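Step one of this worksheet: look at the structure below.
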Amino acid sequence: MQTKAISKIWAVIIAVIIVVAAIGGVVYYFSRPPVVVKEKIVIGYVDAFTGIFAPGPEVWGSYWMRMLVDDYNAKGGLYVPELGKKLPIELREYDSKSDTETLVRLTEKAMAEDKVDLMFAPWGTSQNFAVLPLYEKYGYPLVAHAMGSGQVYDLVVTGASKWVFPVLCQPPFGAKYTADFLQWANASRIGIIGISDLHGIEWTGQLKAELARRNMTVVLGPELYPLTVADLSPIIRKLQEANVDALWASTYPADGTLLIRQCMELGFTPRIMIMGPGSQYPAIMIPTFGVKAMTGIIEYHGFEVDYKASPKLLELAERYKEKVGYYPGPNTIAAYVCNEMLFKAVEKYGLDRVKIRDAFLAGESFDTVVGPAKFDMQNVYLDAAGAGYLCQWQGEEILKVIWPLEKATATWIPKTPWK
Amino acid sequence: MITLTLFFEILVGGIILGALYSLIAVGLNLQYGVTRMLNVAHGDFLMLGAYITYFSFTLFGINPFASMIVVAPLMFLIALIVYASILQRVVKISKSAEEVEWRSLLLCFGLSFVIQNVAMILWTANYRGYEAPSLGLVNIFGVTFEVNRIVIALISIIINVSLYLFLRFTKLGMAMRATVEQPEGAQLVGINIFMISAFSFSLGAILSGWAGTLISTFTTLNPFMGSSYTLIALVLVILAGIGSFKGNIVGGFLIGFLAYLTMRVIHSVLTLVVIYSCLIVILLVRPQGLFAR
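Taken in sequence, the protein lines are chains X and C.
Heads up, the first sequence is in the working numbering, so the first residue is 48 and it goes up one at a time.
Heads up, the second sequence is in the working numbering, so the first residue is 28 and it goes up one at a time.
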């Protein structure tokens with residue numbers, strides 16, 4: 048009788064175990080994480096494709112970044128070591144409409160909701176500053192190809208930010224190599240002018256300070272003018288009166304065009320004329336002034352190449368020209384090189400963004416179209432062929448590197464007469 | 028120390044720059060002053076005029092100054108379409124000039140985005156420029172000036188004076204003024220206020236387009252270039268007194284003179300500080316502007 052009762056209890060226990068196991072199995076079956084087969088690498092690219100900032104990405108990096116993705120996809124995609132195979136790249140573009148709030152919102156959407164694998168940085172210093180906290184929060188390397196400011200220099204040097212990797216030479220470093228060139232070219236009476244925004248204020252200020260440290264004579268400036276300037280003749284007349292032989296002008300395309308046109312009209316031809324960023328774009332300057340008038344103007348932007356320096360570069364420039372109609376500006380290749388470096392890091396470290404960041408922070412070198420490239424976190428720029436170079440218009444659409452001397456593809460020439 | 032030569036340079040340079048400013052504002056002053064339409068897409072019409080000139084020059088070799096003949100009918104047509112499809116209803120349903128103002132402000136704000144982005148789709152966001160022919164230099168009181176700029180200044184002065192005379196002495200001009208001051212009375216005497224509004228708006232767009240034509244001779248173009256010109260125009264319209272073409276010229280000269288003087292003698296970085304300080308002082312003394320009716 049007792050044996051029978053025990054058997055009944057056991058029967059109930061076994062039944063309960065079976066039911067619980069069955070329920071558990073069903074629950075597990077339906078709640079288990081789906082086996083994800085990664086089929087592509089998604090790159091988020093939030094930038095101003097419409098609105099007032101749209102000309103920025105248009106002349107600067109967007110063509111290059113699309114070309115880079117196309118180049119990789121043409122070769123079967125990007126190799127991901129943890130998967131042991133190449134995956135195609137999807138470039139997912141989001142339009143910030145030139146609105147900073149929208150830029151921030153879409154960047155967060157790309158990172159938090161769409162969970163993109165990597166991000167391409169937007170164009171413009173202020174836009175990069177706006178999204179930097181999100182890159183920090185979600186852990187994406189901000190390979191900032193169009194960001195120049197003494198503030199980002201401080202952020203990196205002090206270690207306050209571990210996720211931002213500025214590509215262009217920042218004003219403190221840029222001022223040094225520009226001053227080196229001015230000293231070498233025996234600039235005796237220097238004039239400094241520029242647009243009154245962050246770029247103009249920082250670059251002109253840093254240059255003046257650097258020249259003062261070397262006891263070089265700045266006879267005028269920094270003369271900063273408003274963004275809405277419609278007449279630069281008052282400043283040009285002051286430069287003429289001061290007998291300036293070397294002019295530095297921080298300009299964008301609109302005011303740069305105005306400056307060149309009025310210098311031309313008023314017959315002001317300084318021996319050394321350094322401008323940027325904005326007057327190095329053949330698509331703008333050649334139809335407006337022609338190559339002859341531009342000859343002698345030197346361009347600065349922290350990263351410049353001579354596309355004829357290597358067959359690889361020339362091939363890229365030719366393809367760019369097929370799309371746009373003109374050769375690219377010598378500085379715009381920075382957008383290609385730095386993101387190529389990002390891809391090379393993926394090929395080595397996979398999609399682990401912390402490892403990629405650490406490799407960049409450690410100054411690890413990656414091979415790119417301009418040769419080895421690594422981030423110099425002390426001087427805060429992308430250390431590669433092109434960094435710290437000055438280019439000059441010398442009678443053709445592709446500009447020549449004239450500084451530093453050991454990298455020069457042509458000898459510097461004084462500014463030739465305008466007409 | 029201001030020498031006599033420097034004094035003449037600042038005077039003439041200020042007039043030339045001022046004339047350019049008044050040219051930028053004249054179209055808006057007409058639209059806002061006469062029809063009470065606060066067209067914040069003014070700079071975008073200016074941009075369209077600049078592009079028409081650009082294409083006339085690059086595709087057909089038409090001299091930029093001569094392209095004003097092409098710009099006028101095209102801008103008139105564009106503005107008429109915009110007016111008939113969007114703004115006419117505003118005039119119809121508004122019961123007062125103030126209502127026209129705020130309704131048109133909102134509509135034109137949207138219109139500005141539409142024009143900019145259509146232009147971008149058509150012509151890309153890239154900067155464009157062309158090799159505008161130079162007319163050389165001229166010596167005035169021992170100082171050389173660019174003839175191109177003097178031509179621009181003369182065109183601006185002619186436009187402003189012609190508009191003043193047109194509004195003051197022609198029947199159509201008087202009808203335009205009457206439409207704003209006494210819309211009901213104007214209708215009672217047989218004025219078709221919708222036609223008058225359409226004409227005023229379109230005429231304003233022609234003037235904006237011409238400003239774009241002349242500006243394109245010395246700067247680069249892009250679909251978003253208009254916004255800064257709208258701002259300049261609004262400042263000048265407020266300074267001049269709404270609808271005052273006398274004020275438009277004097278205000279333009281004043282701003283031009285101050286800008287030139289500051290850049291030449293004081294320091295260029297203070298240009299906007301001086302201009303806006305002067306604007307504040309004038310508006311404190313004359314809140315209605317320099318020459319308000």
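Yeah, the Cβ is synthetic: ideal placement off N, Cα and C, and Gly gets one too.
Everything numeric in this text was worked out from a predicted model, so none of it was measured.
Where residue i falls: helix, strand or coil (DSSP)
i	result
residue 209(X)	coil
residue 203(X)	helix
residue 314(X)	coil
residue 194(X)	coil
residue 400(X)	helix
residue 76(C)	helix
residue 419(X)	strand
residue 216(C)	coil
residue 151(C)	coil
residue 173(C)	strand
residue 54(X)	helix
residue 437(X)	strand
residue 129(C)	helix
residue 448(X)	strand
residue 227(C)	helix
residue 78(X)	helix
residue 183(C)	helix
residue 123(C)	coil
residue 297(X)	strand
residue 136(C)	helix
Endpoints, beta strand (DSSP E) assigned at residue i
i	result
residue 267(X)	265-272
residue 415(X)	413-415
residue 10(X)	Nothing can be reported for residue 10(X): it is not among the residues displayed for chain X, which extend from 48 to 466.
residue 164(C)	164-167
Buried/exposed call for residue i, threshold 16 Cβ in 10 Å
i	result
residue 122(X)	exposed
residue 211(X)	buried
residue 75(X)	exposed
residue 391(X)	buried
residue 94(X)	buried
residue 222(C)	exposed
residue 274(X)	exposed
residue 290(X)	exposed
residue 230(X)	exposed
residue 146(C)	buried
residue 213(C)	buried
residue 154(X)	buried
residue 62(C)	buried
residue 259(X)	exposed
residue 55(X)	exposed
residue 302(X)	buried
Opening and closing residue of the alpha helix (DSSP H) in which residue i lies
i	result
residue 383(X)	381-396
residue 106(C)	95-109
residue 223(X)	218-231
residue 45(C)	31-62
residue 167(X)	Not the alpha helix (DSSP H): residue 167(X) falls in the beta strand (DSSP E), residues 165-167.
residue 140(X)	Element bounds for residue 140(X): not the alpha helix (DSSP H) but the beta strand (DSSP E), 136-142.
residue 161(X)	From DSSP, residue 161(X) is part of no alpha helix (DSSP H); its letter is neither H nor E.
residue 206(C)	198-208
residue 315(C)	It is not in any alpha helix (DSSP H) - residue 315(C) carries neither H nor E in the DSSP assignment.
residue 120(C)	115-120
residue 214(X)	That residue, residue 214(X), is in no alpha helix (DSSP H); it is neither H nor E in DSSP.
residue 187(X)	No alpha helix (DSSP H) contains residue 187(X), which DSSP labels as neither H nor E.
Go through the stretch 233-295 of chain X residue by residue and report every complete run of the beta strand (DSSP E) that reaches 3 residues or more, in order. Entirely contained in the stretch 233-295 of chain X, the beta strand (DSSP E) runs reaching 3 residues are, in chain order, 237-242, 265-272.
Inside the stretch 231-274 of chain C only - alpha helix (DSSP H) runs reaching at least 4 residues: Those alpha helix (DSSP H) runs which fall completely within the stretch 231-274 of chain C and span 4+ residues are 253-267.
May I ask you to verify whether the stretch 370-383 of chain X touches the stretch 103-118 of chain X, counting CB pairs closer than 8 angstroms and requiring at least 3? Counting C-beta pairs closer than 8 angstroms gives three or more between the stretch 370-383 of chain X and the stretch 103-118 of chain X, which meets the contact rule.
Okay, do the stretch 172-181 of chain C and the stretch 307-315 of chain X touch, 3+ Cβ pairs below 8 angstroms being the bar? A contact exists between the stretch 172-181 of chain C and the stretch 307-315 of chain X.
Measuring CB atoms only, is the stretch 71-80 of chain C touching the stretch 298-309 of chain C, in the sense that at least three cross pairs come out at less than 8 angstroms? Too few Cβ pairs lie closer than 8 angstroms, so no.
I'd like to know if the stretch 79-98 of chain C and the stretch 242-258 of chain C are in contact, where contact means that at least 3 CB-CB pairs between them fall below 8 angstroms. A contact exists between the stretch 79-98 of chain C and the stretch 242-258 of chain C.
Assess contact between the stretch 180-197 of chain C and the stretch 261-277 of chain C, defined as three or more Cβ pairs (one per stretch) separated by less than 8 angstroms. Is contact present? Counting Cβ pairs under 8 angstroms, three or more are found: they touch.
Please go through the stretch 268-310 of chain C and give each complete beta strand (DSSP E) segment of 3 or more residues, from N-terminal end onward. Restricting attention to beta strand (DSSP E) runs no shorter than 3 residues, the stretch 268-310 of chain C encloses none.
Would you check if there are 3 or more beta carbon pairs closer than 8 angstroms linking the stretch 276-294 of chain X to the stretch 30-40 of chain C? Here the stretch 276-294 of chain X makes contact with the stretch 30-40 of chain C; the two share three or more CB pairs at distances below 8 angstroms.
Could you check whether the stretch 403-416 of chain X touches the stretch 246-266 of chain X, counting it as contact only if at least three pairs of C-beta atoms, one from each stretch, sit closer than 8 angstroms? Segments in contact, no.
Quick one: any contact between the stretch 128-144 of chain X and the stretch 54-64 of chain X, if contact means 3 or more CB pairs under 8 angstroms? Flag = no, the stretch 128-144 of chain X and the stretch 54-64 of chain X do not touch.
As an exercise, report each continuous beta strand (DSSP E) stretch of at least 3 residues that is fully enclosed by the stretch 81-154 of chain X, in chain order. Listed in chain order, the complete beta strand (DSSP E) runs (minimum 3 residues) inside the stretch 81-154 of chain X are 88-94, 125-127, 132-134, 136-142.
Scan the stretch 300-383 of chain X and note each continuous alpha helix (DSSP H) run of 4 residues or more that stays entirely inside, going in chain order. With a minimum length of 4 residues, the unbroken runs of alpha helix (DSSP H) contained wholly in the stretch 300-383 of chain X fall at 300-313, 329-341, 358-371.
Can you find at least 3 beta carbon pairs, one from the stretch 360-367 of chain X and one from the stretch 334-348 of chain X, that sit closer than 8 angstroms? Using a Cβ-Cβ distance cut-off of 8 angstroms, the stretch 360-367 of chain X and the stretch 334-348 of chain X are not in contact, since fewer than three pairs of beta carbons, one from each stretch, lie closer than that value.
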